[in-house]
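Start counting the sequence shown at 6; every next residue gets the next number (this note's numbering).
Where is the CB? At the ideal position from N, CA and C, for every residue including glycine.
Inspection log for the structure reproduced underneath, given as structure tokens.
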Amino acid sequence: MKKEPLQRDPSQTGSLVLAYMGDAVLEMKVRQHLIAIGVGKPHELQKKAVTYVSAKAQALIVKSLWEQFQEEEQRIIKRGRNARSNTIPKNASVSDYRLSTGFEALLGYLYLSDQQERLDEILDQAVHAIEFQQKNQERGDHHE
């Protein structure tokens, strides 16, 4: 899919706009990943996707990968986390929701600034972090 040229630098774009883009980027990655590993039924795909894209899952990703984020990436996450949103989380704590907004802002920033290699690296690490957590839960280890 061809990207349209931006009217302004992504660093000048609002955090919630970056998060809006990042939400779509994460959804695409997760859907592609689930299809690649053989999840085949639409209902199953949707149910499984939620375990990767929920605010709780994204907060876990941020906490798991925090030390691996570059200083600038941490700044973008914090800016997104602190952005004022009128949305009230339905199935997440406020802190998890805010962290997930920060993570989505980072993904949106990387996508819009054409940092594809770094974006892919973070998305791969995010998928591994969630799958690691899921395996631990299946074994009965509930370290969060």
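Which runs of the alpha helix (DSSP H), 4 residues or longer, sit entirely within the region 29-93?
Taking only runs of at least 4 residues, the alpha helix (DSSP H) segments lying wholly in the region 29-93 are 47-58, 60-70, 76-86.
Distance, Cα to Cα, V35 vs G45?
13 Å
Straight-line gap, D125 to L112 (C-alpha atoms, nearest Å)
10 Å
Using 8 Å as the threshold, is the C-beta distance between I66 and Y114 below it?
no
Quick check on DSSP: helix, strand or coil for Q12?
coil
Determine whether the beta carbon atoms of L23 and A110 lie at a separation below 8 Å.
yes
Helix, strand or coil for N141 per DSSP?
Here N141 sits in helix by DSSP.
Measuring CB to CB, does T106 end up less than 8 Å from A88?
yes
For the region 61-79 against the region 87-102, are there 3 or more C-beta pairs whose distance is under 8 Å?
yes
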